[in-house]
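Asks:
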Amino acid sequence: MNKSETVSINPPEIAAKKSLHIIKIGGNVIDNSENLHHFLKDFQSLDGFKILVHGGGKVATQVAEDMGIEAKLVDGRRITDIETLRVVTMVYGGLINKNIVAQLQRFGNNAIGLTGADGNFIKAKKRPVKTIDYGFVGDIDENSINPGNISRLMEAGFTPVFCAITHDGEGQLLNTNADTIASALAVNLASIYETTLIYCFEKKGVLQDIDDEDSLIREINPERYEELKKERIIHSGMLPKLDNAFTAIACGVKAVIIGKSDDLGNIKNNKPFGTRLSTTT
Numbered sequence: 035m036n037k038s039e040t041v042s043i044n045p046p047e048i049a050a051k052k053s054l055h056i057i058k059i060g061g062n063v064i065d066n067s068e069n070l071h072h073f074l075k076d077f078q079s080l081d082g083f084k085i086l087v088h089g090g091g092k093v094a095t096q097v098a099e100d101m102g103i104e105a106k107l108v109d110g111r112r113i114t115d116i117e118t119l120r121v122v123t124m125v126y127g128g129l130i131n132k133n134i135v136a137q138l139q140r141f142g143n144n145a146i147g148l149t150g151a152d153g154n155f156i157k158a159k160k161r162p163v164k165t166i167d168y169g170f171v172g173d174i175d176e177n178s179i180n181p182g183n184i185s186r187l188m189e190a191g192f193t194p195v196f197c198a199i200t201h202d203g204e205g206q207l208l209n210t211n212a213d214t215i216a217s218a219l220a221v222n223l224a225s226i227y228e229t230t231l232i233y234c235f236e237k238k239g240v241l242q243d244i245d246d247e248d249s250l251i252r253e254i255n256p257e258r259y260e261e262l263k264k265e266r267i268i269h270s271g272m273l274p275k276l277d278n279a280f281t282a283i284a285c286g287v288k289a290v291i292i293g294k295s296d297d298l299g300n301i302k303n304n305k306p307f308g309t310r311l312s313t314t315t
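Listed below in structure tokens is the structure:
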């Protein structure tokens, strides 16, 4: 070869990221066996890797009442004392979680039910006492998620089903917000997978008029979000959902969608689904 000749070496192709759907379901799905059956059938049909995150619905409250344990709420937030922690651990990590796993197995999905303590997947810190002592409630930070272990589990062919119980690494279980868990999982796995975070609840998405299902807002960017808050179209319980969602997008999550659990199959069929959150202005 002549010294003046140059050799062109094409860089190796960068492998495309595998897709991952992280879906959080609330009490409206869990408390209705027909809704849950329909949702799980659609969930298992989604392509790529999947993670399901769930809370406890009304079941934990009912079990606590049956045991004579009174629910303690401050500004709508549950205080998790030691008796309540025992109940939510039994109900979230046992009854509800294993019922979901059993149904997914029925549909041919090799699901595995988990708390954050299993596999050291999700650690949390006990919420510090300020004006209110929330008891055994866990808060998540940037070091809480173990993406490597979760990835290995999925690559081995399992579908993780996480309940809203974490641990502090010192032997203590903690009750942790399921919306926050879903968002943290999405953020931490976004560097490995092309990740879509979906919050499923009882409405078609974010509505212009809460009483009109046809007033669905198809897309919201940060600027529009601020307008909707000022107009009080978005308020109360929807605020932390959307705050978590925009944080997730800013941290590399491909998309965040809020929609009705009954319509999840629209994703598989390439039909419009819910409200998509974007960072474009």
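Under my numbering, the first residue of the sequence shown carries the number 35, and numbering increases by one thereafter. Glycine included, each C-beta is placed from N, C-alpha and C at the ideal position. Bear in mind the structure is a predicted one, so any value in this text is a computation, not a measurement.
Could you name each continuous beta strand (DSSP E) segment of 3 residues or more that falls completely within the region 92-180, going from the start of the chain to the end?
Replies: Listed in chain order, the complete beta strand (DSSP E) runs (minimum 3 residues) inside the region 92-180 are 145-148.
Asks: Starting from the C-beta of A282, find all residues in its chain whose C-beta is less than 7 Å away, skip the five residues before and the five after it, and write them out in chain order.
Replies: Position 248 of the sequence shown, counted from the start, is the residue given in the question as residue 282. Answer for A282: S217, A220, V221, L231 and V290, listed in chain order.
Asks: Give every residue of the same chain whose Cβ lies closer than 8 Å to the Cβ of G61, excluding the five residues on either side of it in the sequence, and list them in chain order.
Replies: Working through the sequence shown from its first residue, we reach residue 61 at position 27. Result list for G61: G89, G90, G91 and K92, in chain order.
Asks: Could you spell out where the beta strand (DSSP E) holding E228 opens and where it closes?
Replies: Looking up residue 228 in the sequence shown gives position 194. Start and end: E228 to F235.
Asks: What residues are listed by DSSP as bridge partners for A289?
Replies: The count along the sequence shown starts at 1 and reaches residue 289 at position 255. Answer is T230.
Asks: Which residue comes first and which comes last in the alpha helix (DSSP H) that contains V63?
Replies: Indexing the sequence shown from 1 puts residue 63 at position 29. Note, V63: alpha helix (DSSP H), G61 to I64.
Asks: Reducing DSSP to helix, strand and coil, say where S79 ends up.
Replies: By one-based count along the sequence shown, residue 79 stands at place 45. DSSP places S79 in helix when its eight states are reduced to three.
Asks: Name the DSSP beta bridge partners of K294, please?
Replies: To locate residue 294, count along the sequence shown from 1; it is residue 260. Answer is F235.
Asks: Express the C-alpha separation of N303 and D297 in angstroms, rounding to a whole number.
Replies: Counting from 1 along the sequence shown, the entry for residue 297 is found at position 263. Counting from 1 along the sequence shown, the entry for residue 303 is found at position 269. Using only the alpha carbons, I get a separation of about 10 Å.
Asks: So, using beta-carbon positions, are I113 and G205 closer together than 8 Å?
Replies: As a working note, residue 113 is residue 79 in the sequence shown. As a working note, residue 205 is residue 171 in the sequence shown. The answer is no: Cβ separation not under 8 Å.
Asks: Could you name the residues of the same chain whose beta carbon sits closer than 8 Å to that of D202, not counting the 5 residues immediately before and after it, in chain order?
Replies: If you number the sequence shown from 1, residue 202 lands on position 168. Same-chain partners within the cutoff: K157, A158, K159, K160, G172 and L208.
Asks: With distances taken between CB atoms, is the gap from K84 to Y227 smaller than 8 Å?
Replies: Indexing the sequence shown from 1 puts residue 84 at position 50. Indexing the sequence shown from 1 puts residue 227 at position 193. Not in contact: K84 and Y227 (Cβ atoms no closer than 8 Å).
Asks: Can you list, in chain order, the residues of its chain with a C-beta nearer than 6 Å to that of G308? Leave out the 5 residues immediately preceding and following it.
Replies: Stepping through the sequence shown from its first residue, residue 308 is reached at position 274. G239, I291, I292 and G293, listed in sequence order.
Asks: Going by Cα to Cα distance, which pick from P274, V87 and F280 is closest to V135?
Replies: In the sequence shown, counting from the first residue as 1, residue 135 sits at position 101. Comparing Cα-Cα distances from V135 to each of P274, V87 and F280, the minimum goes to V87.
Asks: Evaluate contact between the region 252-264 and the region 177-195, counting only Cβ atoms and requiring at least three cross-stretch pairs below 8 Å.
Replies: These segments do not touch.
Asks: Measuring straight from C-alpha to C-alpha, what distance separates R258 and S249?
Replies: Within the sequence shown, residue 258 is the residue found at index 224, counting from 1. Within the sequence shown, residue 249 is the residue found at index 215, counting from 1. Looking at the two C-alpha atoms, the distance is approximately 16 Å.
Asks: Following the continuous beta strand (DSSP E) through L208, name the residue where it begins and the one where it ends.
Replies: Here residue 208 is taken as the residue at index 174 of the sequence shown, counted from 1. Taken as a continuous stretch (DSSP letters only), the beta strand (DSSP E) holding L208 covers L207 to N209.
Asks: What does a CB cutoff of less than 6 Å around I48 pick up in its chain, not counting 5 residues either side in sequence?
Replies: Along the sequence shown, read from residue 1 onward, the residue named residue 48 stands at position 14. Because I48 sits at a pLDDT of 48, beneath the cut-off of 50, its placement in the model cannot be relied upon, and the point is left open.
Asks: Can you tell me whether DSSP reads R310 as helix, strand or coil?
Replies: Numbered from 1 along the sequence shown, position 276 holds the residue referred to as residue 310. Strand.
Asks: So, using beta-carbon positions, are I146 and I64 closer together than 8 Å?
Replies: Against the sequence shown, residue 146 aligns to sequence position 112. Against the sequence shown, residue 64 aligns to sequence position 30. Result no, Cβ atoms of I146 and I64 do not sit closer than 8 Å.
Asks: Pull up the DSSP beta-bridge partners for T193, would you.
Replies: Within the sequence shown, the letter at position 159 stands for residue 193. In the DSSP output, where bridge partners are listed per residue, T193 has A145.
Asks: When DSSP labels each residue in this structure, what does E253 get in the three-state scheme?
Replies: Looking up residue 253 in the sequence shown gives position 219. E253: strand per DSSP, three-state reduction.
Asks: Please confirm whether A94 and V125 have their CB atoms less than 8 Å apart.
Replies: Reading the sequence shown from its first residue, position 60 is the one you call residue 94. Reading the sequence shown from its first residue, position 91 is the one you call residue 125. Cβ distance < 8 Å, so A94 and V125 count as in contact.
Asks: What residues are listed by DSSP as bridge partners for I57?
Replies: Walking along the sequence shown from the start, residue 57 turns up at place 23. Its beta-bridge partners are L86 and I232.
Asks: For I301, which of helix, strand or coil comes out of DSSP?
Replies: Taking the first residue of the sequence shown as 1, we reach residue 301 at position 267. Helix.
Asks: Rank M188, V108, L311 and T149 by C-alpha distance to the C-alpha of I215 and give the top, closest one.
Replies: Along the sequence shown, read from residue 1 onward, the residue named residue 215 stands at position 181. Nearest of M188, V108, L311 and T149 to I215, Cα basis: T149.
Asks: Looking at C-alpha atoms only, which residue of K305, D109, L74 and C234 is the closest neighbour of L276?
Replies: For the purposes of this step, residue 276 is taken as residue 242 along the sequence shown, with counting starting at 1. Closest by alpha carbon: C234.
Asks: If you run the structure through DSSP and keep just helix, strand and coil, what is H72?
Replies: Counted from its first residue, the sequence shown places residue 72 at position 38. In the structure shown, H72 sits in a helix (DSSP, three-state: H, G or I).
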